[in-house]
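Sequence lines, in order, name chains A, B, C and D. Using our numbering, read the first sequence as starting at 848 and increasing by one per residue. Using our numbering, read the second sequence as starting at 4 and increasing by one per residue. Using our numbering, read the third sequence as starting at 325 and increasing by one per residue. Using our numbering, read the fourth sequence as starting at 1317 and increasing by one per residue. Virtual Cβ for every residue (Gly too), placed ideally from N, Cα, C. Keep in mind that this is a model prediction, so the values were computed, not measured.
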Amino acid sequence: MATAAITAERETYLNSAYGLKSWLLTKDHKRIAVLYFITISIFFAIGGTFAGLIRLELLTPEGDLVSSETYNKLFTMHGVIMVFFFLIPSIPATLGNFFLPMMIGARDLAFPRINLLSWYLLIAGGAFAIFAMVAGGVDTGWTFYTPYSTSYSTTYVIATALGIFIAGFSSILTGLNFVVTVHRMRAPGMTWFRLPLFVWSHYATSLIQVLGTPVIAVTLFLVLCERLFHLGIFDPALGGDPVLFQHLFWFYSHPAVYIMVLPGMAVISEIVSTFSRKPVYGYAFVAFSSMAIAVIGFLVWGHHLFVSGQSLYAGLVFSFLSYFVAIPSAVKVFNWTATLYRGSISYDTPMLYAFGFIGLFTIGGLTGLFVASLGMDVHVTDTYFVIAHFHYVMVGGTIMAYLGGVHYWWPKMTGRMYPEGFAKLSALVIFIGFNLTFFPQFILGYLGMPRRYHEYSQEFQLLHVLSSAGASVLAVGYIMPAIYFLWSLRYGPVAGANPWGASGLEWRTPSPPPTHNFDRIPVVTFDAYDYSTVIPTEVNDVGH
Amino acid sequence: MDTSSTHLETGAAHEAETLALREQFDTEEQQRDAATLGMWVFLITEILFFGGAFLAYTIYRSSYPAVFGLASSSLNLPIGATNTCVLLLSSFTMVMAVRAGQLGQRKAIIIFLIITMFFGLAFLGIKAYEWTEKFEEHHVPALSNFFLEGTSLQGQAKIFFSLYFAMTGLHALHMVVGVGILLFIIWKTSQGTYSPEYYTPIDIAGLYWHFVDLVWIFLFPLFYLIDRHLPR
Amino acid sequence: MGTQLRFMPEQASTIAADVDHLLYFFLAVSIFFTLLIFGAIFYFAIRYRRRSPNELPAAEHTGLALEIVWSVIPFGLTMIMFGWGASIFFKESRPPDNAMQIYVVGKQWMWKLQHMEGQREINELHIPINRPVRLTMTSEDVIHSFFVPDFRTKQDVVPGRYTTTWFEATKPGKYHLFCAEYCGTKHSGMIGWVYAMEPQDYAEWLAGGPTGSMADAGARLFDDLACGNCHKTDTNGRCPNLVGVFGSTVRLAGGGTVRADEAYIRESILDPDAKVVEGYQPLMPTFQGQITEEGVVQLIEYIKSLSPKPGTLIQQNGPLVPSSEPAAAGASPGQLPSGNQ
Amino acid sequence: MNQHGEPSHHVDSVRTYVGVLIALLIATIVTALVATLDLGPFNIIVALGIACVKMMLVVLFFMHVRYSTLLTRLVMIGGLMWLAILLLLSFVDFGTRGWIGVPGK
Ligand code: HEA
Ligand code: HEA
Ligand code: CUA
Ligand SMILES: [Cu+2]
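Here is the structure:
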């Protein structure tokens, strides 16, 4: 703390230039990460507000709060905003953007201008989506199934699809940038097997972004052609096949769930290691499991089509392959847990989130196994069971990891500490609220409550009320960090270069980092997570 | 902690456009490798982008071979073949421009690029003519009086023509972007930006152009050639 | 039923218990691993909590054996999950031969159901218990999904084609019918009830229905659409004889064969040139736009009624001789063999 | 890990390029002429076979993959492999529809 004076003087990425223009035209990956951070926080608030309205409506079986048109728009926009404008960019574009170059000892990403361009693309895509919302909304579900989306919906499908199309290119360019950066920008001595697992996971994520996203782009393009120019491509009236759309959609959207969770796993590897002060157990296995998930993740998309009219044999093949993707995930979970064994474990907020992630991801992933089983999925598909499954992995998993990561790196990004007590409390509130919201939905789903239902049968009410109650707790839990993070920007204690005693290169440069990340480009002579090279005190400026 | 200094801490803060090396790179070679790799990665995204449409095509062709053959035969083969040749010629002049770039022959670069652009525009012109012809012959699925209206083939033939318009349209869009890129490179070359040491942008533009050519190499047989002899 | 807390839906079909047993297996595995992970985290977190700020635990060596063990055991378990789930799915996918047939047409936002005996229902389905029921389903507009939670059965209903599912109810009662695939504004209103009845009650219910079977309705349509103009039994052979077609293997012009099932008959009516029968010219006009999906299934039933019981395979699209008595509704006038024009 | 192969510094001769161009043009004309003949199932094979040959010529010569690094080749092969995954696994569905003789299964 004695170093506050030095911090004020030193040039950092934050004070190297002032004014809106210096931000909007920046090529510094750290500033772009901050831009993303602000953007997706807004999207999260929007998506969360929709979720709140959904839960409010579902308090009673009658559709009395909003009309069915509005309800359909609510869950559609909730899904679209949360998936394409919040969760997919969340960790890669903020934490990844900020720390991936630092972790490999680079001054910036390989293509800083493309990095800025991808942010603008997200903004442009978001603008279309928001326009669609304001103009009247869209009601197709985030899955845009044809022929409803092409021929029957009377809402703003075109604007929304264009928005996602454009945001898709943002995602592609980020992935491309990361791939090239990891290949070409590593500091001297930073070999592949010295990379932090954060980088491995992001590399795997980027491969998915690059290989998968174009397919959703062209799929939406075809939907647009059909809707705008009446070119019949999926139209059953012409002999077209609506199931073909589903294949194309899920070819991207299944791997996309790993775009969402792999970066979360990336964060967890860092946090678990730092707060048990031990290398992640089975480094190579965890690294390769990321790659395995990325590759196998492309072979299983048909498990979303078990009752869609896909052939029996395709169902068998896709169900079989789906189980292969569970193994690398299991390997990760076990290795993280093993990392704790004989560690030196501290309970700082990021670690609490990491515990939350591991537990909730396990539940979410295991229920993924239920739905990957043909006989079971016939019953639970398109019910709240699936809703619960994916909120467990996306909210209980990725958002937990994201929040953990934000807490973990907050001192590095801003130079300030957040208030630890408050943060621990909010982590607890989120954990409780989350389970109360989504656990009842597993039961609801097995009882047969279909998803995307505006009105429902009386007998489901009790569980819905529980779920809505949980959502309000959850909302409180999410609003708390928003407040104390803002507070800490001004009043938080000044953080040193390495408040956690972590081992990554990003902690070996001052907080907040200078524009070019390192005063001198590091030469790496040690493996990842080598805590013997760390000076575990708050040293402000290792570079000097 | 061990550190090593690099030679560019000093001057790189303000980037000069003509000076090739950007601040995030250490060496020219690193920069070139990064750019080339970036372009290749971009090209595989393009493979998958067109791939989705190719899947739709493949599925429908295998479901409705006869109708697709019939619809195929209504496309104008001589024009399609000519256009293929035009595009191949443009690829040739493009690679010649890259070669001129490698050798630092600035004038040759510009001339070859202009010829490439000319071929590109010729391709688009011919395509436009073909599309007009389709409109006149009522081959456009969305408009009334589709030429097979009333027959039970019309649905599947409409799918063929929908794919035809969507895929050739997408390809044409890529050509338009390509022409834009060529214009930019021509302008940069005339500014004297490139040299035998630094011609990566020309190289990369070339990769893009050839890729667009590759897409057409497949679109041509798929739409114009296969089963066009089938009885009507 | 009120708002009492339930954890399991009713087991009202033969498959329901199978699915529930699979669920218990999943639950057991899940609870085991969840407790294992949560337990290990808690235990390690407390046992190995940081005791001094400068503690530096020794790095562990990766135990290859351990990695293999915790990959192989879960893998084994998942293969059980796969196999078990797949075997139930096989059962769910193949209707028994003796199943009674019901046709389902989904439409924004209602279910239209037709019994072979001619009863037509909307958003309600009456079925007998202890008898397999096979649903052949299609949609007039968007995708819907036929979902009866208490039967653990669900199948998407896709426009432009037929999908099939089947179940055998075991308990009389009234069960929810939901549309489970989002289909627009009133998706949550596309619901109904399935009434499972004792066989004799069902028979009574049937008897109270309209006169004339589905095949009869199909025969009338066959007349109205003047199909008989071409498809007469005693023509010069320009059009195939439809007697005995259903269930047979049809040779196609240009090679290949196709099994004449519901989907093929539907295609023959709406898209006749897609598959042309060997030895015939593609003369048949399309009836797309002139006939509803419900009409199509009636025609199918009619054409079926011209063949021996479905399930018994007939060799070839036969000569112009009625191969057997039309099965179901042979009595209705204006029947095919008489050539009614 | 900078490769020192300097792939793009390899200058091919004009003759090579002209040769490739002529091969490509001839292939185009051949494939167009063959398309008017009826080769039965070979129609597709010939048309796509020739297209693949043309692709290889463009990729190897015009796009310099002949001299490129292993990584570049991997990237390209990876892209094609992913396309193959998309097509193949989709065909697992479309190719096996109706195998068990129940509509929609
Ligand atoms: C972050 C997002 C995410 C993640 C990571 C996952 C992970 C998985 N998902 Fe999930 N899924 C979604 C997001 C996600 N999913 C979404 C959004 C949908 C619905 C989309 C919609 O329709 O709107 C969905 C739907 C969905 C379906 C379709 C359901 C239906 O519509 O009927 C299926 C079916 O197979 C499935 C399976 C799986 C599997 C097998 C995994 C696996 O990767 C899970 C692997 C993890 C584990 C297995 C846990 C860790 C392991 C252990 C602790 C050890 C014990 C292990 C064993 C015994 C094997 N998911
Ligand atoms: C990243 C993805 C993500 C996230 C984070 C969430 C978060 C939540 N989701 Fe959502 N959800 C989806 C992805 C996600 N969801 C998808 C893809 C679907 C399917 C859509 C479809 O069917 O097409 C879906 C569907 C879905 C349904 C089913 C609707 C239906 O089928 O009828 C429900 C119902 O309970 C639900 C609830 C919630 C709740 C309570 C949260 C909570 O976790 C949210 C908590 C957050 C807040 C409450 C906001 C916090 C507040 C602030 C940050 C400040 C706010 C400030 C102001 C308002 C000024 N979601
Ligand atoms: Cu019909 Cu939902
Ligand atoms: Cu999936």
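Cβ-heavy atom distance, residue i to ligand 4, below 7 Å
i: A:D1150; result: The question names Asp, yet the displayed sequence has His at residue 1150 of chain A. For ligand 4, at least one heavy atom lies less than 7 Å from the Cβ of A:H1150.
i: A:H1101; result: yes
i: A:V1104; result: yes
Local conformation of residue i per DSSP, three classes
i: C:S463; result: strand
i: C:A520; result: strand
i: A:K877; result: helix
i: C:Q479; result: strand
i: C:P634; result: In this prediction, C:P634 has a pLDDT of 46, which is less than 50 and means its spatial position is unreliable; what the coordinates show is noted afterwards. Coil at C:P634, not helix or strand.
i: A:T907; result: coil
i: C:P609; result: coil
i: C:Q640; result: Model confidence at C:Q640 stands at a pLDDT of 38, short of 50, so the residue's coordinates are unreliable; what they give is reported in the following sentence. It is a strand residue.
i: A:T1230; result: strand
i: D:I1416; result: coil
i: A:A1344; result: coil
i: A:R1263; result: strand
Any non-hydrogen atom of ligand 3 closer than 7 Å to residue i Cβ
i: A:H1094; result: no
Closer than 8 Å to chain B by CB, residue i
i: C:D597; result: yes
i: C:G578; result: yes
i: D:L1402; result: yes
i: A:L963; result: no
Any C-beta of chain D under 8 Å from that of residue i
i: C:P419; result: yes
i: C:Y427; result: no
i: B:P224; result: yes
i: A:A851; result: Only weak support exists for where A:A851 lies, its pLDDT of 45 falling under 50; the value from the coordinates is given anyway. With 8 Å as the cut-off, A:A851 does not count as an interface residue toward chain D.
i: B:L228; result: yes
i: A:V1172; result: no
Cβ-heavy atom distance, residue i to ligand 6, below 7 Å
i: A:V1276; result: Within the structure as shown, ligand 6 is missing, the only ligands being ligand 1, ligand 2, ligand 3 and ligand 4.
Any C-beta of chain A under 8 Å from that of residue i
i: B:E139; result: no
i: D:R1413; result: yes
i: D:H1320; result: Only weak support exists for where D:H1320 lies, its pLDDT of 40 falling under 50; the value from the coordinates is given anyway. Closer than 8 Å: no.
i: D:S1329; result: no
i: C:C507; result: yes
i: D:M1317; result: The pLDDT assigned to D:M1317 is 34, lower than 50, so where the model puts this residue is not dependable; a value taken from the coordinates is nonetheless given after this. By this cut-off, D:M1317 is an interface position.
Near ligand 2: residue i beta-carbon under 7 Å from a heavy atom
i: A:M929; result: yes
i: B:I112; result: no
Proximity test, residue i beta-carbon vs ligand 1 heavy atom, cut-off 7 Å
i: A:M1107; result: yes
i: A:S869; result: no
i: B:F214; result: no
i: A:D1229; result: yes
i: B:S165; result: no
i: C:P483; result: no
Contact with chain C by residue i, beta-carbon distance below 8 Å
i: D:V1418; result: yes
For the pair the region 1071-1084 of chain A and the region 1125-1135 of chain A, tell me if three or more CB-CB distances fall below 8 Å.
Taking a cut-off of 8 Å for Cβ pairs, the region 1071-1084 of chain A and the region 1125-1135 of chain A do not touch, as fewer than three such pairs fall below it.
Can you list the residues near ligand 3, meaning Cβ strictly closer than 5 Å to any non-hydrogen atom, in the order they appear in the chain?
Those residues placing their Cβ nearer than 5 Å to any heavy atom of ligand 3 are, following chain order, C:H468, C:C503, C:C507, C:H511, C:M514.
contact_flag[the region 1061-1068 of chain A, the region 52-59 of chain B] where n(CB pairs < 8 Å) is 3 or more
Between the region 1061-1068 of chain A and the region 52-59 of chain B there are three or more C-beta pairs closer than 8 Å, enough to call the two in contact.
Using 8 Å as the cut-off, can you tell me whether the region 935-953 of chain A makes contact with the region 1346-1359 of chain A, which would need three or more C-beta pairs spanning the two stretches below that distance?
Cβ pair count under 8 Å is three or more, so yes.
Measuring CB atoms only, is the region 615-624 of chain C touching the region 404-422 of chain C, in the sense that at least three cross pairs come out at less than 8 Å?
In short, these stretches do not touch, since the Cβ pair count stays below three.
Assess, as a yes-or-no matter, whether the region 87-107 of chain B is touched by the region 1093-1112 of chain A under the definition of 3 or more beta carbon pairs within less than 8 Å.
No, the region 1093-1112 of chain A is not in contact with the region 87-107 of chain B.
Is the region 1277-1287 of chain A touching the region 1317-1327 of chain A in the sense that three or more CB pairs, one from each, lie closer than 8 Å?
Per the Cβ contact rule, the region 1317-1327 of chain A is in contact with the region 1277-1287 of chain A (3 or more Cβ pairs under 8 Å).
For the 8 Å Cβ check, are there 3 or more pairs between the region 398-411 of chain C and the region 1394-1414 of chain D?
The region 1394-1414 of chain D and the region 398-411 of chain C do not touch, with fewer than three beta-carbon pairs separated by less than 8 Å.
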